[in-house]
Amino acid sequence: DGGITQSPKYLFRKEGQNVTLSCEQNLNHDAMYWYRQDPGQGLRLIYYSQIVNDFQKGDIAEGYSVSREKKESFPLTVTSAQKNPTAFYLCASSIAELQFFGPGTRLTVL
Amino acid sequence: GDSVTQMEGPVTLSEEAFLTINCTYTATGYPSLFWYVQYPGEGLQLLLKATKADDKGSNKGFEATYRKETTSFHLEKGSVQVSDSAVYFCALIRAGAGSYQLTFGKGTKLSVIP
Numbered sequence: 146d147g148g149i150t151q152s153p154k155y156l157f158r159k160e161g162q163n164v165t166l167s168c169e170q171n172l173n174h175d176a177m178y179w180y181r182q183d184p185g186q187g188l189r190l191i192y193y194s195q196i197v198n199d200f201q202k203g204d205i206a207e208g209y210s211v212s213r214e215k216k217e218s219f220p221l222t223v224t225s226a227q228k229n230p231t232a233f234y235l236c237a238s239s240i241a242e243l244q245f246f247g248p249g250t251r252l253t254v255l
Numbered sequence: 002g003d004s005v006t007q008m009e010g011p012v013t014l015s016e017e018a019f020l021t022i023n024c025t026y027t028a029t030g031y032p033s034l035f036w037y038v039q040y041p042g043e044g045l046q047l048l049l050k051a052t053k054a055d056d057k058g059s060n061k062g063f064e065a066t067y068r069k070e071t072t073s074f075h076l077e078k079g080s081v082q083v084s085d086s087a088v089y090f091c092a093l094i095r096a097g098a099g100s101y102q103l104t105f106g107k108g109t110k111l112s113v114i115p
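See the structure below:
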């Protein structure tokens, strides 16, 4: 099956710890994206990558980092510098203007 | 900058009622417009899209028409079902942006009761 996988579905971390969220796609898409979703605020873009080894900051990149070493993988690290990391994180990939989303990871920082 | 404004939710309807969710946008140029749907605990799925003025997107009984004169893209369905309960997001991509970044509205939660 072609698609986007995110793991794990639920993630718990202690305050002050870095945590990495996984995103893998087998759709052969060049572009990938990370969004954060908070209740009542819609989706906000964290980082995006149009090609391997290149990525750009989105609207709320502070406290996050990414890498794009392979076309199919775009992991997101939530660092201890992120003040309010508890949220639902969505990964997407796109062909032209059509974006396809993964099932999301709900991160809770205790 | 670009922005999308959706009607505030939540919206609660009885089964078979008519649905309208309003969406207006602000953007330079001629953006492509989208409606995405998110079922509980899941990611987003593309519901429909329109790429130019007067285009009508449709899927699963939902429709939306790209109205350039009113900068709107309202979502409609003639008869909702319980299975339509979800959060609906209006979004745009500005033509020529290159990186195809979506700008989302805040979402409208729809609950359909039997």
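Same order as they appear, the protein sequences are chains A and B. Numbered per my numbering, the first sequence spans residues 146 to 255. Numbered per my numbering, the second sequence spans residues 2 to 115. Glycine residues also receive a C-beta, built at the ideal position from the N, C-alpha and C atoms.
Within 8 angstroms, strictly: CB atoms of residue i and residue j
| i | j | result |
| --- | --- | --- |
| residue 203 of chain A | residue 190 of chain A | yes |
| residue 166 of chain A | residue 255 of chain A | no |
| residue 34 of chain B | residue 243 of chain A | no |
| residue 232 of chain A | residue 182 of chain A | yes |
| residue 110 of chain B | residue 7 of chain B | no |
| residue 54 of chain B | residue 65 of chain B | no |
| residue 235 of chain A | residue 10 of chain B | no |
| residue 94 of chain B | residue 13 of chain B | no |
| residue 237 of chain A | residue 192 of chain A | no |
| residue 76 of chain B | residue 24 of chain B | yes |
Whole-angstrom C-beta distance between residue j and residue i, which should lie under 8 angstroms
| i | j | result |
| --- | --- | --- |
| residue 211 of chain A | residue 252 of chain A | Going by Cβ atoms, the distance from residue 211 of chain A to residue 252 of chain A rounds to 15 angstroms, so no, they are not a contact pair. |
| residue 26 of chain B | residue 71 of chain B | Not a contact, Cβ separation roughly 10 angstroms. |
| residue 101 of chain B | residue 218 of chain A | Their Cβ separation, rounded to whole angstroms, is 20 angstroms, which puts residue 101 of chain B and residue 218 of chain A out of contact at 8 angstroms. |
Where residue i falls, given that 16 or more other Cβ within 10 Å makes a residue buried
| i | result |
| --- | --- |
| residue 230 of chain A | buried |
| residue 57 of chain B | exposed |
| residue 92 of chain B | buried |
| residue 39 of chain B | buried |
| residue 250 of chain A | buried |
| residue 15 of chain B | exposed |
| residue 227 of chain A | buried |
| residue 41 of chain B | exposed |
| residue 170 of chain A | buried |
| residue 82 of chain B | exposed |
| residue 98 of chain A | One cannot answer for residue 98 of chain A here, as it falls past the ends of chain A, which runs 146 to 255. |
| residue 37 of chain B | buried |
| residue 209 of chain A | buried |
| residue 85 of chain B | buried |
Through-space distance from residue j to residue i, alpha-carbon basis
| i | j | result |
| --- | --- | --- |
| residue 194 of chain A | residue 200 of chain A | 4 angstroms |
| residue 105 of chain B | residue 4 of chain B | 7 angstroms |
| residue 18 of chain B | residue 186 of chain A | 27 angstroms |
| residue 180 of chain A | residue 241 of chain A | 18 angstroms |
| residue 32 of chain B | residue 74 of chain B | 11 angstroms |
| residue 153 of chain A | residue 69 of chain B | 42 angstroms |
| residue 158 of chain A | residue 148 of chain A | 27 angstroms |
| residue 89 of chain B | residue 198 of chain A | 33 angstroms |
| residue 49 of chain B | residue 87 of chain B | 15 angstroms |
Practice task
With a floor of 3 residues, list each beta strand (DSSP E) that falls wholly inside the segment 16-85 of chain B, ordered by position along the chain.
Solution key: 20-22, 24-27, 33-39, 45-51, 57-60, 63-66, 76-78
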